[in-house]
Amino acid sequence: MNHLQPITPPPRASLFVTCLADALLHPVAQACRKVLRAQGVTVDLPPDQVCCGNSLHKTGQAGAAARVGAAWVRAFAQGGDIVSPSGSCVAHLRRNLAELLSGQPELARLAPQAATLVGRTYELTEYLQRRLGLTRLAGAKAPTRPWVYHPSCGLHRSLGEDQAPYALLEALPGRPRLELPRAERCCGFGGPFSVSHPELSGALLGDKLAAAAAAGAQVLVVGDLGCLLHLSTGAQARESGMQVVHISQVLAGEVV
Amino acid sequence: MTRLTPCADDRQRQALEGFTARLRAMHAQGLADPGLWDHLRARARNAKLTYLANPAPWLDLLAERLEGRGARVHFAVDAAEARDMVLGILQQAGARKVVKGKSMTCEEIALNPALEAAGVQVSETDLGEFIIQLAGEPPFHILGPAMHRDRGQVADLFAEKLGQRVPAEPEALTKLARATLRRRFLEADAGISGVNFAACREGALAIVTNEGNGRFVTSLPPLHIAVMGLEKPLPTLADLGATLELLTRAAIGAPLSTYSSWLAAPAGLSGAGGPRQLHLVVVDNGRSRILGGKFWEILLCLRCSSCLNFCPVYGLAGGHAYGSVYPGPMGSVLSCLLEDLAPGPDLAQASTLCGLCRQECPLGIDLPGLLLGLRQAGTEAAPAANLLPGLAAQVLSRRGLFDVVCRLAPAGIKVLEKLPEALRPPGPWREWRAGGRALPNAPGHPWLARQPREDGHD
Chain A
28 MNHLQPITPP PRASLFVTCL ADALLHPVAQ ACRKVLRAQG VTVDLPPDQV CCGNSLHKTG
88 QAGAAARVGA AWVRAFAQGG DIVSPSGSCV AHLRRNLAEL LSGQPELARL APQAATLVGR
148 TYELTEYLQR RLGLTRLAGA KAPTRPWVYH PSCGLHRSLG EDQAPYALLE ALPGRPRLEL
208 PRAERCCGFG GPFSVSHPEL SGALLGDKLA AAAAAGAQVL VVGDLGCLLH LSTGAQARES
268 GMQVVHISQV LAGEVV
Chain B
23 MTRLTPCADD RQRQALEGFT ARLRAMHAQG LADPGLWDHL RARARNAKLT YLANPAPWLD
83 LLAERLEGRG ARVHFAVDAA EARDMVLGIL QQAGARKVVK GKSMTCEEIA LNPALEAAGV
143 QVSETDLGEF IIQLAGEPPF HILGPAMHRD RGQVADLFAE KLGQRVPAEP EALTKLARAT
203 LRRRFLEADA GISGVNFAAC REGALAIVTN EGNGRFVTSL PPLHIAVMGL EKPLPTLADL
263 GATLELLTRA AIGAPLSTYS SWLAAPAGLS GAGGPRQLHL VVVDNGRSRI LGGKFWEILL
323 CLRCSSCLNF CPVYGLAGGH AYGSVYPGPM GSVLSCLLED LAPGPDLAQA STLCGLCRQE
383 CPLGIDLPGL LLGLRQAGTE AAPAANLLPG LAAQVLSRRG LFDVVCRLAP AGIKVLEKLP
443 EALRPPGPWR EWRAGGRALP NAPGHPWLAR QPREDGHD
């Protein structure tokens, strides 16, 4: 039943929920903890965590992003593995955090600690597949209705994790994944782009929902949180009937 | 500030989709052998970096070699000086009729209007450029300047401007264009071309075309003026081989373009044909400034157009929406830098930063990173715009404050939803809805607030 390879000591990780899941996407936060626990991981929730500064950084606000990043470092200072459902945020932490802190005289002393922390920070599928070496997850099952996967840009390109999500999804018992045409094309979220260019953002959103529907899907599984918020509220406003869920919800066996 | 929107013209949108899809397929074919692709990328990048690390001595060498064979080399600091130089050369030779090869650098320095204002007749000879010159439009795409016009529109345009109606078939249209252009080639006093590469040590210019017009332009008229961006040269002819192959593989999926011309001297040296005068105008126009700053990486760009063809934003908006000579991801970066963040659409924001451009760029230019850097430069230049982000940073770095905002969110969203559209305060919620999205359901408390802090073992 349990495919977990014996690891001693048993794995333990801090969950970085992200501000988006914490404020608006509770089912994702719930699913992340559930899927980790199902694999025998002890999940800590550092209480002072809020945000990594990713979206502020994308608006070009280096100073503000550094201040938020500093708070992130303090919140996770206890060490150990850190796991997050957002590839975009993890990519931001790895690529930018230490540099952003170094750029602010009053925060520069936090940069070495930040570099250590982000070295042990993983996106969820990356953590499960690469860190724990798991492919068939306990408790995971495919959606029962026809489904496709949108390989989110943050996870698959910014972070460069183009393998783990597919490996985990291929191993799901139940209905196999349908191919999504032009899957690599962005859904149009893009952080600040979603509100700086609403017409283009909305048009790309429409294209993504249409591509999923054309593939015969009723469920659209996405790899990141911004896409989830964007596509799910878009499907709602357009009354498209497409169910949009995060990959963690599928891995937790919560999508029926 | 204006912003990019999806192209409203249905025919243009269809043409855009078809053209970029064809080029994406060719690009994929070009890099089918990953070993070769990686080899070419490494060679080209190395060559470009060697040159860009210190261009001055290489340029001196290039000039020395070319001038040693009777060519003349000129250095223009900015667009105005480049235009004046070209015009001066033409006037000195008494040239009134000019044929031109396709050149984005000439577009950049707005050469044609300046020449026409001085009474010089300019004929574009690349088929796409020929079409948009007749239409009086800027290029829509750096590789296919007229790709937004379908064959029916081109037939109508030819009938109107050339006075001859031919069937809306590629062959008939091309024949008409060719008949028109042949006369102009024969009558021309001078040819003006761009330059794709130069080999400094050997002193040679390379021009890559697919229609053969480039060879007419550079060999038939008695005077040839080549206009080259300062970033184009490579150290040696050996570097040129790999870089040229990389360009054509990335752009059209082939190991070589139909015509690759190598120019090293005016006629007379060997008694062979060709123009009696050869001039090279090297255009700086901000490139030295870019090279000295943190955005220098954009000078690696080969103009293959891969980033345009893969960009979801370019694919919907099309080239004219950018309002700049160079569109797409490379165009957004280069235009912001060349124009020193001039007004117009805020091109640094016109990207989802999805990263396809970086992935497909033959030189691996970090275009999303450059766009991010430009956004930062923009906010640093406008400190007043930092007020709201400063407030956001307070909320996003303090747990207590964040909790309060989460608890107040549902009430706030309810108020926003009840207000009539006109009374809603401006803010991101407006644009969120404008993109065809519902406002999210706020649970009314942060998730973390109701969780035990630590697991026991399950």
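Each protein sequence line maps, in turn, to chains A and B.
Here the first sequence is numbered in my numbering, starting from 28 and rising by one per residue.
Here the second sequence is numbered in my numbering, starting from 23 and rising by one per residue.
Heads up, the beta-carbon is just placed ideally off N, CA and C, and yes, glycines get one too.
Model, not experiment: these values are computed from the prediction.
Item	Value
Mind pulling the chain A residues with CB within less than 9 Å of N408 (chain B)?	Q88, G90 and A91
For K119 (chain B), list the residues DSSP reports as bridge partners.	B:Q143
Quick one: residues in its chain with C-beta nearer than 6 Å to the C-beta of A85 (chain B), no 5 flanking neighbours on either side, listed in chain order?	V95
Kindly list the residues whose CB is nearer than 7 Å to the CB of A1 (chain A), restricted to its own chain and excluding five residues on each side of it in sequence; keep chain order.	This structure cannot settle anything about residue 1 (chain A), because the visible part of chain A is limited to 28 through 283.
Which value, in whole angstroms, describes the spacing of the CA atoms of Q175 (chain B) and D368 (chain B)?	31 Å
For E138 (chain B), count neighbouring C-beta atoms within 10 Å of its own C-beta (all shown protein chains included) and say buried if the count is 16 or more, exposed if not.	exposed
Is there contact between the stretch 244-253 of chain B and the stretch 135-149 of chain B, where contact requires at least three CB pairs shorter than 8 Å?	no
At which residues does the beta strand (DSSP E) containing G213 (chain B) begin and terminate?	A212 to S215
Here's the rule I'm using: 16 or more other beta-carbon atoms within 10 Å means buried, otherwise exposed. How should P365 (chain B) be labelled?	Only weak support exists for where P365 (chain B) lies, its pLDDT of 44 falling under 50; the coordinates are left without a value.
Which residues bound the beta strand (DSSP E) around L42 (chain A)?	R39 to L42
Per DSSP, what kind of secondary structure is H246 (chain B) in: helix, strand or coil?	strand
Can you check whether the CB of A199 (chain B) is closer than 7 Å to the CB of L149 (chain B)?	yes
Does the beta-carbon of T152 (chain A) have 16 or more other beta-carbons within 10 angstroms, so that it is buried, or is it exposed?	buried
Go ahead and pull the three-state DSSP assignment for R94 (chain B).	strand
Once you ignore the five residues that flank D100 (chain B) on each side, which residues in its own chain have a CB closer than 6 Å to its CB?	N307
So, at 8 Å on beta carbons, what are the nonlocal neighbours of G295 (chain B) in its own chain, with the 5 sequence-adjacent residues on each side left out?	S241 and A289
Over the uninterrupted beta strand (DSSP E) stretch that includes S283 (chain B), give me the two end residues.	Y281 to L285
How would you list, in chain order, the residues of chain A whose beta-carbon sits under 9 Å from the beta-carbon of G386 (chain B)?	Result: empty, since nearest Cβ-Cβ is about 13 Å, beyond 9 Å.
Taking the CB atoms as reference points, tell me whether K85 (chain A) and P178 (chain A) lie closer together than 7 Å.	no
Name the chain B residues whose beta carbon is nearer than 9 Å to that of G233 (chain A)?	G458
Does the beta-carbon of D362 (chain B) have 16 or more other beta-carbons within 10 angstroms, so that it is buried, or is it exposed?	exposed
Beta carbons nearer than 7 Å to chain B: which residues of the stretch 256-269 of chain A have them?	L256, H257, T260, G261, Q263, A264 and R265
Skipping 5 residues on each side, what residues in its chain have a beta carbon closer than 8 Å to that of R25 (chain B)?	P367, D368, Q371 and A372
Pull the bridge partners of Y348 (chain B) from the DSSP assignment, please.	Y348 (chain B) is not bridged to any residue.
Starting from L156 (chain B), follow the alpha helix (DSSP H) in both directions and report where the run begins and ends.	L149 to A157
Write down every uninterrupted run of the alpha helix (DSSP H) in the stretch 387-458 of chain B whose length is 4 residues or greater and which is fully enclosed by it, in chain order.	389-403, 409-419, 421-440 and 450-456
So with CB distances below 7 Å, who are the chain A contacts of G492 (chain B)?	A query on residue 492 (chain B) cannot be resolved here, the shown segment of chain B reaching from 23 to 480 and no further.
Quick one: is H53 (chain A) near chain B, going by C-beta distance under 7 Å?	yes
Tell me, to the nearest whole angstrom, how far the beta carbon of L72 (chain A) is from that of Q473 (chain B); I am working on the premise that it is less than 8 Å.	6 Å
From this set, B:L378, B:A414, B:V426 and B:L461, which residue's C-alpha is nearest V437 (chain B)'s C-alpha?	B:L461
Pop quiz: S111 (chain A) and F216 (chain A) are said to be a contact at Cβ under 8 Å. What is the actual Cβ separation, rounded to whole angstroms?	No, S111 (chain A) and F216 (chain A) are not in contact; Cβ-Cβ is about 17 Å, not under 8 Å.
I need the DSSP call for G251 (chain B), collapsed to helix, strand or coil.	strand
For the alpha helix (DSSP H) containing I312 (chain B), list its first residue and its last residue.	R309 to L313
From which residue to which residue does the alpha helix (DSSP H) around F207 (chain B) run?	P192 to E209
Under the rule that 16 or more other beta-carbon atoms within 10 Å means buried, what is R184 (chain A), buried or exposed?	buried
Here's the rule I'm using: 16 or more other beta-carbon atoms within 10 Å means buried, otherwise exposed. How should P200 (chain A) be labelled?	exposed
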